[in-house]
Each structure stands twice: as C-alpha cells, then as structure tokens.
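Position 124, counted from 1, in the sequence shown is what the working numbering calls 147; the numbers after and before it change by one each time, with no gaps.
Ideal placement from N, C-alpha and C gives every residue a C-beta, glycine not left out.
This report concerns only the one structure given below.
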Amino acid sequence: MKTTPFTHYHEALGARMAPFAGYNMPIEYSTGIKEEHNNVREKLGVFDVSHMGEFWIKGPKAFELVQKLTSNDVAALVDGKVQYSCFLNDKGGIVDDLLVYRFSAEKYLLVVNAANIEKDWEWVVKHGEELGMKPGVELENASDNICQLAIQGPLALKAMQKLTDASVEDMEYYTFKEIPFAGIDKVIFSTTGYTGSGGCEVYAYNADAEKLWKAVFEAGEEFGVLPIGLGARDTLRLEAGFCLYGHEIDDDHSPIEAGLGWITKFVPGNDFIMREYHEKLKNDKPSRYLKPFEIIDRGIARQGYPIEDAEGNEIGVVCSGTMSPLTGKSIGTGYVKSGFHKLDTEIYIRVRNKALKAKVVKTPFF
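Below, the structure written as structure tokens:
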C-alpha cells in the first residue's frame, strides 16, 4: 500500500488509518469526524490530499488535447485560472471529474481523482498519441512526485497569508499563483477546494513536504487549525452538494443527468468526445436526474438504497447519504426518474423494511 509524505504525521497524531485508492490514508483523528467537520465550517482544517493525480500537458497540441478530452470550454481559460470539468468516455458517461489549470496556451495541469489515476492516464495517453504527443515528452504523469495539502475554511487564507509575501487573501475563487511559500521557493497556490467553505490547495514537490506541513500548522495554530481526515472530507463535500466519483458520477451517467450541465459547454469549437450525444440528451431532457434530498423521518440513507414513490414503486437509487454534522439533518443524493426531480417533491428512501419519507431540496444543504 502506498503512503504519502505526510503519513508519519497522521500516525503520530493517532489518526485512524484505512486503505483508500491504494493509499494508507487518515479517516479521522481523535477529535472525531463531527468536530473536524465543524472546525472547517467555522475556522480551518488541513487535509492531506497527496493521493490525488497530477498530469502535465505541454506543447503546441496541448490546448487541442485538453479541449477534446474535457466537457468544459478550455478556450475560456486565461493564465492563472482553474476550471472544474470532466473527462467524457465514448459511451455517454464520465471517465472522471477533474481540475484544469492553465499555465499558458501550451501548458496545462490536470488534477484527477486518486482512484482513477491509472485509468485517466491511459485515456489521456490514448488521445494524446492520436495527436502525435508522447508520454514523457508532452505528456507527464507527475502524480508520484507531488504532495498536496488542502487548507479549507473561512480563516484559511488569512492564516496562509502569514507564509508568503505574495498577496493570497484577495485571490479570486478558482485562480492560482506560483509563489514562494512556507520557505519553499515555489509552490502552486490555488483557491480551490472540496468543502464549500473556501480556502486553498497547495502543491509542492515531495522533498518539501516536511517544511510545508510544519509551516502550515504553525501558521494555523492561532486560528484553531485541526488536521482533517477523509471522513469529514466526505461529509463536507456532500453537505456542499459536490459530486464524488463512484457515487454521484461514473462511467454510466452523463454530466447532463448529474446536474453538471454547467461544466458541459456546447459552444462553437468545443468538440469534446460524444458531444452530439450529450447535446441531444440536454435538448430531449434526461429520463433520470441526480437530486439532493432531505429525509423527514428518522434514518440515514446509504449508497445503493432504493428510492420509491408513495405507492412503493422504485423510482431511483441513492448515491450518497449522511447525517449532516452542521445541521443535524439526514441528507443525501440520488438519481430519480423524471417527474420526481422537482423541488419539494415527496419521495421515499427504502431502508431495510421501512420507507422513510424524504423530499427533494436544493444544495448546499447548509
């Protein structure tokens, strides 16, 4: 099993460790998921996300490749801007969701999910080679060389400003800079995240990991910083209404069905894979929709639980569910048939032998 450059810190802090995407990762610390979750919402917390994948796409064909592979419009990017997007497969589903960083017209960084690194890399190489691009030259899988910390929460940027002379507190959402930070000559400092509470993500080489960890926690101490595990990462992203690959999105669901039409741009020149299929689906209206729900009765939904109508007919399936640490409400997401997707529609979640009343709501849940 792989480790990250920060694993020894997690173990020293008494984190409960478990396998995730081939890595030994912290699930929660002694404070527990609820306290970690609420600390991010109210103050700040630090996540080790070094398991994520990073691919460099370079050269005169870089734009052409990224535009073909991703659903969003890469032409809308300028240097220093980040875009949320997804890779589309050749059967109408999603290979992965990802972040696209534009460094220049001929240099992009793609940040992909840990569990999909190998699959994503093969997909990038396949289509890159069709354009004459070569792995190790224009295409580089840098995933094993880069460490990453996500510092999230309303006080995150204020705390991190202490570690650099560059201005970071006033950075716009989904932008990035290459800056000296925490005694490191150059990091990628990005105002992105997966919590819905603001903050940043910092990329550095593995050799600088120790310096980065110590500086971040020293800077955050006066603001009440806590290390945060993957347990709270999941409750935070669900509470914010963010998709998780393998739950809300996968190889069998279109971004149109998943409510990701906003990152699927049918503009001139954006001839991504299976564009015609997704455009037709958008115009004809899907037969199923991903929707957030709140359970009114007592109980928690879990992935795979059936969703029913009032008569007990199955109309969908749960993707994710949890008890919101912030609101105390039972929340979740699921795909439901068209006609049951509108706001405040009454649905039922089948939990063993009970049908729990729920209703379709909006995100974020808080």
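Which listed residue (the options) has its alpha carbon closest to that of residue i
i: Leu-174; options: Asp-193, Asp-231 and Ala-242; result: The question names Leu, but residue 174 is Ile in the sequence shown. Taking only the C-alpha atoms, the option nearest Ile-174 is Ala-242.
i: Ala-41; options: Arg-375, Val-383, Gly-252 and Lys-130; result: Gly-252
i: Asn-20; options: Trp-79, Gly-335 and Gly-45; result: What the structure shows of the chain is the stretch from 24 to 389, and residue 20 is not part of that stretch, so it cannot be assessed.
i: Cys-266; options: Cys-342, Ser-213 and Gly-292; result: Cys-342
i: Val-290; options: Gly-327, Asn-95 and Tyr-196; result: Asn-95
i: Leu-67; options: Gly-222, Pro-49 and Ala-98; result: Gly-222
i: Asp-71; options: Gly-254, Ile-279 and Tyr-268; result: Gly-254
i: Phe-270; options: Lys-308, Lys-305 and Tyr-328; result: Inspection of the sequence shows that residue 270 is occupied by His rather than by Phe. For His-270, the nearest C-alpha among the options comes from Tyr-328.
i: Thr-356; options: Ala-263, Arg-298, Cys-109 and Asp-102; result: Ala-263
i: Ala-182; options: Cys-170, Tyr-268, Ala-137 and Glu-244; result: Glu-244
i: Lys-382; options: Phe-389, Val-374, Phe-388 and Asp-367; result: Asp-367
i: Glu-195; options: Leu-172, Gln-106, Gly-247 and Val-248; result: Gln-106
i: His-276; options: Phe-29, Gly-82 and Val-118; result: Val-118
i: Asn-47; options: Arg-64, Glu-58 and Pro-28; result: Pro-28
i: His-31; options: Ala-44, Ile-370, Phe-43 and Pro-49; result: Pro-49
i: Lys-114; options: Lys-25, Ser-108, Glu-65 and Arg-298; result: Arg-298
i: Leu-283; options: Thr-93, Ile-323, Leu-186 and Phe-199; result: Thr-93
i: Tyr-228; options: Glu-201, Ala-98 and Gly-216; result: Glu-201
i: Ala-138; options: Thr-214, Lys-57, Phe-43 and Asp-193; result: Phe-43
i: Val-340; options: Ile-272, Lys-308 and Thr-198; result: Ile-272
i: Leu-122; options: Tyr-197, Asp-294 and Ile-354; result: Tyr-197
Distance between residue j and residue i (C-alpha atoms, nearest Å)
i: Thr-54; j: Glu-233; result: 23 Å
i: Arg-260; j: Arg-39; result: 20 Å
i: Glu-317; j: Ala-85; result: 43 Å
i: Ile-372; j: Tyr-312; result: 16 Å
i: Gln-184; j: Arg-125; result: 23 Å
i: Gly-159; j: Val-89; result: 17 Å
i: Gly-37; j: Tyr-52; result: 6 Å
i: Asn-376; j: Asp-188; result: 59 Å
i: Lys-91; j: Leu-235; result: 35 Å
i: Ala-128; j: Lys-365; result: 41 Å
i: Ala-230; j: Thr-287; result: 37 Å
i: Asp-274; j: Phe-204; result: 38 Å
i: Ile-296; j: Asn-112; result: 7 Å
i: Ala-281; j: Asn-61; result: 27 Å
i: Asp-102; j: Glu-334; result: 54 Å
i: His-301; j: Pro-278; result: 8 Å
i: Lys-209; j: Val-225; result: 10 Å
i: Gly-151; j: Asp-143; result: 12 Å
i: His-33; j: Asp-120; result: 27 Å
i: Lys-81; j: Lys-157; result: 10 Å
i: Lys-385; j: Pro-315; result: 6 Å
i: Leu-391; j: Lys-149; result: Residue 391 is absent from the model: the chain starts at 24 and stops at 389.
i: Ile-207; j: Ser-220; result: 26 Å
i: Leu-304; j: Ser-361; result: 13 Å
i: Val-63; j: Thr-258; result: 11 Å
i: Ala-378; j: Gly-155; result: 55 Å
i: Val-191; j: Asn-164; result: 28 Å
i: Leu-249; j: Glu-337; result: 42 Å
i: Leu-186; j: Glu-59; result: 23 Å
i: Val-135; j: Ser-73; result: 11 Å
i: Val-97; j: Cys-109; result: 12 Å
i: Asp-332; j: Ile-56; result: 33 Å
Simplified DSSP assignment, three categories, for residue i
i: Ala-38; result: coil
i: Gln-326; result: coil
i: Phe-388; result: coil
i: Phe-29; result: coil
i: Leu-313; result: strand
i: Gly-402; result: Since the displayed the chain opens at 24 and closes at 389, residue 402 lies outside it and no answer follows.
i: Asn-47; result: strand
i: Thr-93; result: strand
i: Val-101; result: coil
i: Val-63; result: helix
i: Ile-279; result: coil
i: Ile-286; result: helix
i: Lys-114; result: coil
i: His-301; result: helix
i: Phe-240; result: helix
Per DSSP, cross-strand counterpart(s) of residue i
i: Cys-170; result: Ala-227
i: Pro-158; result: Leu-162
i: Trp-79; result: Leu-132 and Glu-163
i: Met-122; result: Residue identity differs from the one stated: residue 122 is Leu in this sequence, not Met. Paired residues: Tyr-107 and Val-134.
i: Gly-68; result: Gln-175 and Leu-249
i: Leu-267; result: Paired residue(s): none; Leu-267 is not in a bridge.
i: Glu-369; result: Lys-382
i: Ile-354; result: Glu-317 and Thr-345
i: Gly-339; result: Ile-330 and Val-359
i: Gly-222; result: Gln-175
i: Ile-272; result: Tyr-268
i: Ser-127; result: Lys-130
i: Lys-377; result: Val-374
Residue i beta carbon near the ligand GDP (any heavy atom closer than 7 Å)
i: Asp-332; result: No copy of the ligand GDP occurs in the structure displayed, which carries no ligand at all.
C-beta neighbour in chain C for residue i, strict 8 Å
i: Lys-365; result: No chain C appears in the structure shown, which is made up of a single protein chain.
Alpha helix (DSSP H) runs wholly inside the segment 173 to 219, at least 4 long, in chain order: 179 to 183
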